[in-house]
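Have a look at the structure below, then the notes.
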Amino acid sequence: MINKNIYKLLLLFCASVQLNAQQIPAPKQSKSVLILNATAHLGNGKVIQNSAIGFKDGKLTLVADATTIRLAADAYDTTIDAAGKHVYPGFIASNTTLGLVEIDAVKASDDEEEIGTFNPNVRSIVAYNSESKVVETARPNGILMAQVTPRGGTISGTSSIVQLDAWSWKDAILKENDGIHLNFPSSFKRSGSWFEPGVIEPNKDYAKQSEEINAFLINAKAYNQTAPKERNIVLEATKGLFDGTQTLYIHADEEKQIVDAIQLAADNQIKKIVIVGGFEAYKATASLLKYNVGVLLRRVHDMPTSADQDVNLPYKMAKMLTDKGIVVGLENSGDHERMSVRNLPFLAGTCAAFGLDKEIAVQLITLNTAKLLGIDATCGTLETGKDATLFISEGDALDMRTNKLTTAFIQGRNINLDTFQNKLNRKFKEKFGQK
593 MINKNIYKLL LLFCASVQLN AQQIPAPKQS KSVLILNATA HLGNGKVIQN
643 SAIGFKDGKL TLVADATTIR LAADAYDTTI DAAGKHVYPG FIASNTTLGL
693 VEIDAVKASD DEEEIGTFNP NVRSIVAYNS ESKVVETARP NGILMAQVTP
743 RGGTISGTSS IVQLDAWSWK DAILKENDGI HLNFPSSFKR SGSWFEPGVI
793 EPNKDYAKQS EEINAFLINA KAYNQTAPKE RNIVLEATKG LFDGTQTLYI
843 HADEEKQIVD AIQLAADNQI KKIVIVGGFE AYKATASLLK YNVGVLLRRV
893 HDMPTSADQD VNLPYKMAKM LTDKGIVVGL ENSGDHERMS VRNLPFLAGT
943 CAAFGLDKEI AVQLITLNTA KLLGIDATCG TLETGKDATL FISEGDALDM
993 RTNKLTTAFI QGRNINLDTF QNKLNRKFKE KFGQK
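The opening residue of the sequence shown carries number 593 in the numbering used here; numbering runs sequentially from there.
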């Protein structure tokens, strides 16, 4: 039996680790706030040059031109003069494993993937670590919400959407089990490795793999439309795809993949479909428009996938799709994706640098992403009645030189923007006598 004193020491140790793991989440908003004189980027393409943004009890109560309204002196408890600064709705990171992996080299901290091929019943939210130091690094660049998505298999599992200042995964939830993620098979295969790629060949198993997905969806639909004698939690988990309460996120890049996957989903009467990745989505616009499918576009800071493509194609794709009338958001999956989540605003900035209107570029990581994730009723824009999830930046938030946050709020709570890196910076500056 463990010694009581040792037990107490263990409790104290665990408590200290817990307190050092993350800053304490901000308390619920108790005082109303008014932000005056900032340039407000509403997230819907509109800008108010001299704005008045007010919020109480976590909700926006005022979004107006400060020169056209009259406010009582005591209308709000706290007033922030943000003259010369910019206000944005909180940015949303989609299709991310943020909070599912802490250190890639430490297997015990990696919970992004389950064994098996068809895992719609796997829920990423229960593995989300709200105390992740990696989550901390995203907030100072304005990323205040994220879609936490599992990886692996043909059907990876079910994602959920969280706000990034919480005590636990339950506190973090904005939308639980928003959709199921399908990795559609590629029609081509490349041999070799990333550093020494081989030839590209047709995937001989493409038709078989596609049919396996189709058969699974047919069985899932039949199961959820009847009263089965035996419970099947795998098939049961797909019910939302057929009643319209969940989205099918199809991870696909090739034109054929995208067209075939959309048709397969439509044939199975799946109501909500979003393409994730979509490198060749600009070739499949007819299918996207026919079935009202949006695209969470793959990391634009990347190279083309074939030698005959324009080297700037990744930077131009958001504009190409937007010009066709397709709802486009941005995602940043791939190598070093968790530590790179903080760069999401600068991906949008690159899209703006290559022809997309600056405010439409803001929409890529605000309203458009909120629409594709199904949270636009409460998030994504600065509008009265929506969550007061927003931030103040010294300059253009899509430019790494000027995106310097001074204040950020999640549901009206004034959150801590400090990070572990900032603490280390201060520590060693003090050690070597630097200011």
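Think of the CB as a built atom: it goes at the ideal place given N, C-alpha and C, for glycine as much as any other residue.
It should be emphasised that the depicted structure is a prediction, and the values quoted were computed from it without experimental measurement.
>> Looking at the secondary structure, which residues open and close the beta strand (DSSP E) in which GLU1034 lies?
In response: Since the first residue shown for the chain is 593 and the last is 1027, residue 1034 is missing from the structure and cannot be characterised.
>> Does LEU948 pass the burial test, meaning 16 or more other C-beta atoms within 10 Å, or should it be called exposed?
In response: buried
>> Spatial neighbours of THR1032 within its chain, please: C-beta separation below 6 Å, excluding the five flanking residues on both sides.
In response: In this structure the chain extends from 593 to 1027, so residue 1032 is not present and cannot be described.
>> If I measure Cβ to Cβ from ALA962 and keep anything under 7 Å in the same chain, skipping five residues before and after, which residues do I get?
In response: ILE684, ASP968, CYS971, GLY972
> Relative to the C-alpha of ALA944, which residue among GLN1013, GLU872, SER760, GLY637 is closest?
Replying inline: GLY637
> Is it true that the segment 701-716 meets the segment 858-871, where meeting means three or more beta-carbon pairs spaced less than 8 Å apart?
Replying inline: no
>> Let me confirm a value: ASP673 is counted as buried when at least 16 other C-beta atoms fall within 10 Å, else exposed. Which label applies?
In response: exposed
> Are three or more beta carbon pairs between the segment 837-844 and the segment 775-790 nearer than 8 Å?
Replying inline: yes
>> By the three-class DSSP mapping on this structure, what secondary structure does TYR680 have?
In response: strand
>> Please classify SER686 as buried or exposed, where buried requires at least 16 neighbouring CB atoms within 10 angstroms.
In response: buried
>> Just verifying my parser: in three-state terms, what is the DSSP assignment at ASP583?
In response: Because the chain is modelled from 593 through 1027, residue 583 falls outside the range shown and cannot be assessed.
>> Let's see if you can read the secondary structure: which residues bound the beta strand (DSSP E) around VAL655?
In response: 651-657
>> Can you confirm whether the segment 830-841 touches the segment 809-817 when touching is taken to mean that 3 or more C-beta pairs between the two stretches lie within less than 8 Å?
In response: yes
>> So, under 8 Å CB-CB, THR1029 and SER716 are touching, yes? Tell me the CB distance rounded to an integer number of Å.
In response: Residue 1029 is absent from the model: the chain starts at 593 and stops at 1027.
>> By the DSSP assignment, the alpha helix (DSSP H) with LEU833 in it spans what residues?
In response: 831-835
> Would the beta-carbon of ILE854 fall within 8 Å of that of SER879?
Replying inline: yes
> Quick one, are the C-beta atoms of LEU652 and ALA980 less than 8 Å apart?
Replying inline: yes
> Is PRO681 closer than 8 Å to GLY635 when the C-beta atoms are compared?
Replying inline: yes
>> the ligand MG and LYS1019: does any heavy atom of the ligand fall closer than 7 Å to the residue's C-beta?
In response: Ligands are entirely absent from the displayed structure, and the ligand MG is therefore not among its contents.
> Nearest to ASP770 by alpha carbon, out of LYS1015, LEU965, VAL866?
Replying inline: LEU965
> What residues are listed by DSSP as bridge partners for GLN893?
Replying inline: Strictly speaking, residue 893 in this sequence is His, with Gln absent from that position. Beta-bridge pairing links HIS893 to no other residue.
> Unbroken alpha helix (DSSP H) runs of length 4 or more, entirely within the segment 806-883: which are they?
Replying inline: 825-828, 831-835, 847-859, 877-882
>> With H, G and I counted as helix, E and B as strand and the rest as coil, what does DSSP make of ASP763?
In response: helix
>> Considering just the uninterrupted stretch of the alpha helix (DSSP H) at ARG1018, what are its terminal residues?
In response: 1012-1023
>> Just to confirm the assignment, what range does the alpha helix (DSSP H) spanning ILE967 have?
In response: Segment: none, ILE967 is in no alpha helix (DSSP H) and carries neither H nor E.
> Taking the C-alpha atoms as reference points, what is the distance between GLY646 and ILE616?
Replying inline: 25 Å
>> Given this structure, state the Cα-to-Cα distance separating ALA1000 from ASN1008, to the nearest angstrom.
In response: 8 Å
> For VAL698, which beta-bridge partners are listed by DSSP?
Replying inline: In DSSP, VAL698 forms no bridge with anything.
>> From the DSSP secondary-structure annotation, give me the bridge partner or partners of ALA738.
In response: ALA685, VAL754
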